[in-house]
Amino acid sequence: MSHRRHLVAAAVLSTSLLALSAFAEQSKPTPTTQELLAKSASTEWRQPDPNNLLVMQLATGRVLIELAPDFTPLHAANIRTLVHQHYFDGLAIVRVQDNFVTQWDDPAGDEGGDPKKVRSLGNAKNTLPPEFTRPIDPKLAWTALPDGDVYAPQVGFSEGFPVARDPASGQEWLTHCYGMVGVGRDNGPETGNGSALYAVIGQAPRRLDRNLAVIGRVLEGMPLLSGLPRGTGPMGFYSQPAQRSVIQSVRLAADLPAAQRPAIEVLRTDSNTFTALIEAKRNRRDAFYAVPAGKIDLCGIDAPVREPTPASAAAHPPH
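Here my numbering is used: the first residue of the sequence shown is 70, the next is one more, and so on.
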């Protein structure tokens, strides 16, 4: 065999080995979420600011909601004022519309309620400028998703929340993914003040983006909100007062004694582990997934939540 043939044979063998190596790599089972999180560093997790963490107590358990003041600062401030005044205590979940939202507010203010019994907002504002979008802030962490979006030119995560962007207009906004919390309003865009809130419990109604203020995300307790009996009235409102779930209390974690504050951590969406989690979900391979999707949409992934480990508790002492 000539020298040239030896070189050709060696090249073919090398190419074949590389192809086999790539095939073997692609055939390896994708790490599970649990495996990736188990290898994460404590510095990749954050504890929510207790001034932005709402603790809503229902008869069935606790719901934790993290506010997003960098996106809706006026609404976050107004909600804090309402909470400090114990505005939500004794109000109710008044609406559960299947595959859409669970809403809580003052039943006296709903259609068929008694306007004379509507609870005062106290020091909170009755109207607010609509915070449907905000200018893109390059100082905020941004983890882009690579697969595009139907509703926005760019999508990704910032500070743990799903966010859409439009570079042409210079605007960004929180999106209506499962578990996100928004502000109910009337037709007037300034009528949403935070006294009526809803959580998305079904398929992401992204058509609502940029038409309502989205103020945060449920970190714990979604089964308590999504598993409620559906309302039988129009738009899922409860037709009988007895069907409503009473809100026992809503408090800011910062207002609770340190020993009573929720112990919870959220994976940073600007961390290496979250990036690995995105890729694992985009290209999942295991005994069940023979054909990976190769893509993921914005509402197909969220930032994992956990109780602090001893190592992370030492690295992030309580506020």
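Think of the CB as a built atom: it goes at the ideal place given N, C-alpha and C, for glycine as much as any other residue.
The structure displayed is predicted, hence computed values, not measured ones.
Residue(s) in a DSSP beta bridge with Tyr267: Taking the first residue of the sequence shown as position 1, residue 267 is located at position 198. Per DSSP, Gln172 and Gly251.
- prompt: Do you know offhand how far Asp179's Cα is from Asn168's?
  reply: In the sequence shown, counting from the first residue as 1, residue 179 sits at position 110. In the sequence shown, counting from the first residue as 1, residue 168 sits at position 99. Spanning the two alpha carbons is a distance of roughly 21 angstroms.
- prompt: Straight-line CA distance for Thr244 to Ala328?
  reply: Locating residue 244 in the sequence shown gives position 175, where the first residue counts as 1. Locating residue 328 in the sequence shown gives position 259, where the first residue counts as 1. Straight-line Cα distance between these residues: approximately 33 angstroms.
query: DSSP state of Thr342, grouped into three classes?
result: As a working mapping, residue 342 is identified with position 273 in the sequence shown. Three-state result, Thr342: helix.
field: the stretch 351–365 in contact with the stretch 155–163 per 3-pair CB rule at 8 angstroms
entry: no
field: For Val315, the first and last residue of its enclosing beta strand (DSSP E)
entry: Here residue 315 is taken as the residue at index 246 of the sequence shown, counted from 1. Its beta strand (DSSP E) spans residues Ser314 to Leu321.
message: Going residue by residue through the stretch 113–190, where are the continuous alpha helix (DSSP H) segments of at least 4 residues, counting only ones entirely within it?
response: 142–153
task: Quickly, what does DSSP pair Pro231 with across the bridge? List them, please.
output: Locating residue 231 in the sequence shown gives position 162, where the first residue counts as 1. Pro231 is bridged to Phe226.
field: Reference Gln128, options Leu297, Pro377 and Thr378, closest by Cα
entry: Reading the sequence shown from its first residue, position 59 is the one you call residue 128. A quick correction: the sequence has Ala, not Gln, at residue 128. Closest by alpha carbon: Leu297.
- request: Give the DSSP bridge partners of Thr212, in chain order.
  value: Translated into positions along the sequence shown, residue 212 becomes position 143. Paired residues: Phe226.
task: With DSSP collapsed to three states, give me the class of Gly217.
output: The sequence position of residue 217 within the sequence shown is 148, counting from 1. Residue state, collapsed to three classes: coil.
- prompt: So, are the CB atoms of Val165 and Gly305 less than 8 angstroms apart?
  reply: Walking along the sequence shown from the start, residue 165 turns up at place 96. Walking along the sequence shown from the start, residue 305 turns up at place 236. Against a cut-off of 8 angstroms, the Cβ pair of Gly305 and Val165 comes out as a contact.
message: Could you compute how far the alpha carbon of Gly217 sits from the alpha carbon of Leu293?
response: For the purposes of this step, residue 217 is taken as residue 148 along the sequence shown, with counting starting at 1. For the purposes of this step, residue 293 is taken as residue 224 along the sequence shown, with counting starting at 1. In a straight line, the C-alpha of Gly217 is about 32 angstroms away from that of Leu293.
- request: Give every residue of the same chain whose Cβ lies closer than 6 angstroms to the Cβ of Ser318, excluding the five residues on either side of it in the sequence, and list them in chain order.
  value: Within the sequence shown, the letter at position 249 stands for residue 318. Gln126 and Asp158.
query: Where Gly191 and Thr141 are concerned, what is the direct C-alpha to C-alpha distance, given to the nearest angstrom?
result: Position 122 of the sequence shown holds residue 191. Position 72 of the sequence shown holds residue 141. When rounded, the distance between both Cα atoms is 21 angstroms.
query: Does the Cβ-Cβ distance between Pro138 and Asn121 come in under 8 angstroms?
result: Residue 138 sits at position 69 when you count from the first residue of the sequence shown. Residue 121 sits at position 52 when you count from the first residue of the sequence shown. In contact: Pro138 and Asn121 (Cβ atoms closer than 8 angstroms).
task: For the alpha helix (DSSP H) holding Gln103, just list the boundary residues, first then last.
output: Residue numbering aside, residue 103 sits at position 34 when the sequence shown is read from its first letter. Note, Gln103: alpha helix (DSSP H), Thr102 to Ala107.
message: Looking at the secondary structure, which residues open and close the beta strand (DSSP E) in which Leu243 lies?
response: Position 174 of the sequence shown, counting from 1, holds the residue named residue 243. Start and end: Gln240 to Leu243.
field: Val124, buried or exposed, once every other Cβ within 10 Å from all chains shown has been counted against 16
entry: As a first step, residue 124 is located in the sequence shown; it is residue number 55 there, counting from the start. Counting Cβ neighbours within 10 Å, Val124 comes out buried, since at least 16 surround it.
task: Could you tell me which residues DSSP puts in a beta bridge with Val287?
output: The residue given as residue 287 occupies position 218 in the sequence shown. For Val287, which the question treats as bridged, DSSP gives the partners Ile134.
task: State the Cα-Cα distance for the pair Ala210 and Phe230, rounded to the nearest angstrom.
output: Taking the sequence shown and counting its residues from 1, the one referred to as residue 210 is at position 141. Taking the sequence shown and counting its residues from 1, the one referred to as residue 230 is at position 161. Cα to Cα, Ala210 sits roughly 11 angstroms from Phe230.
message: If distances are taken between C-alpha atoms only, which option among Thr101, Arg353, Asp278 and Arg313 comes closest to Asp235?
response: Here residue 235 refers to the residue found at position 166 when the sequence shown is read from its first residue. Nearest of Thr101, Arg353, Asp278 and Arg313 to Asp235, Cα basis: Asp278.
- request: Check Leu336 in the structure and name its three-state DSSP category.
  value: By one-based count along the sequence shown, residue 336 stands at place 267. Leu336: strand per DSSP, three-state reduction.
- request: Given a cut-off of 8 angstroms, decide if Asp183 and Leu160 are closer than it, judged by their beta-carbon atoms.
  value: Residue 160 sits at position 91 when you count from the first residue of the sequence shown. Residue 183 sits at position 114 when you count from the first residue of the sequence shown. Their beta carbons are not under 8 angstroms apart, which means Leu160 does not touch Asp183 by this criterion.
task: Whole angstroms is fine: what's the gap from Phe92's alpha carbon to Arg254's?
output: The residue given as residue 92 occupies position 23 in the sequence shown. The residue given as residue 254 occupies position 185 in the sequence shown. Caution is warranted here: a pLDDT of 41 is assigned to Phe92, below 50, making its placement in the model unreliable, and the coordinate value is therefore given only provisionally. C-alpha separation (whole angstroms): 54 angstroms.
- prompt: Near Ser109, which residues of its chain fall below 8 angstroms by C-beta distance, leaving aside the five closest residues on each side in sequence?
  reply: Counting from 1 along the sequence shown, the entry for residue 109 is found at position 40. Once the five neighbours on either side are set aside, the close Cβ partners of Ser109 are Leu336, Ser340 and Thr342.
Inter-residue Cα distance where the pair is Glu94 and Thr212: In the sequence shown, residue 94 corresponds to position 25, counting from 1. In the sequence shown, residue 212 corresponds to position 143, counting from 1. Reliability fails at Glu94, whose pLDDT of 47 lies under 50, so the model's placement of it is uncertain and the value that follows must be treated cautiously. Going from the Cα of Glu94 to the Cα of Thr212 covers about 26 angstroms.
query: Do Gly263 and His144 have their CB atoms nearer than 8 angstroms?
result: Taking the first residue of the sequence shown as 1, we reach residue 263 at position 194. Taking the first residue of the sequence shown as 1, we reach residue 144 at position 75. Yes, these two residues count as a Cβ contact at 8 angstroms.
message: According to DSSP, is Arg279 part of a helix, a strand, or is it coil?
response: Your numbering for residue 279 matches position 210 in the sequence shown. Arg279: coil per DSSP, three-state reduction.
- prompt: Between Ala268 and Val252, is the Cβ-Cβ spacing less than 8 angstroms?
  reply: Here residue 268 refers to the residue found at position 199 of the sequence shown. Here residue 252 refers to the residue found at position 183 of the sequence shown. For Ala268 and Val252, no; Cβs fall outside 8 angstroms.
field: Where Pro204 falls: helix, strand or coil (DSSP)
entry: The count along the sequence shown starts at 1 and reaches residue 204 at position 135. Here Pro204 sits in strand by DSSP.
- request: Return the Cβ separation of Ala349 and Pro100 in integer angstroms, given the expectation that the two are a contact with Cβ distance under 8 angstroms.
  value: The residue labelled residue 349 in the question sits at position 280 within the sequence shown. The residue labelled residue 100 in the question sits at position 31 within the sequence shown. The Cβ separation is near 6 angstroms, so the contact holds.
task: Go ahead and pull the three-state DSSP assignment for Arg375.
output: Position 306 of the sequence shown, counted from the start, is the residue given in the question as residue 375. Here Arg375 sits in strand by DSSP.
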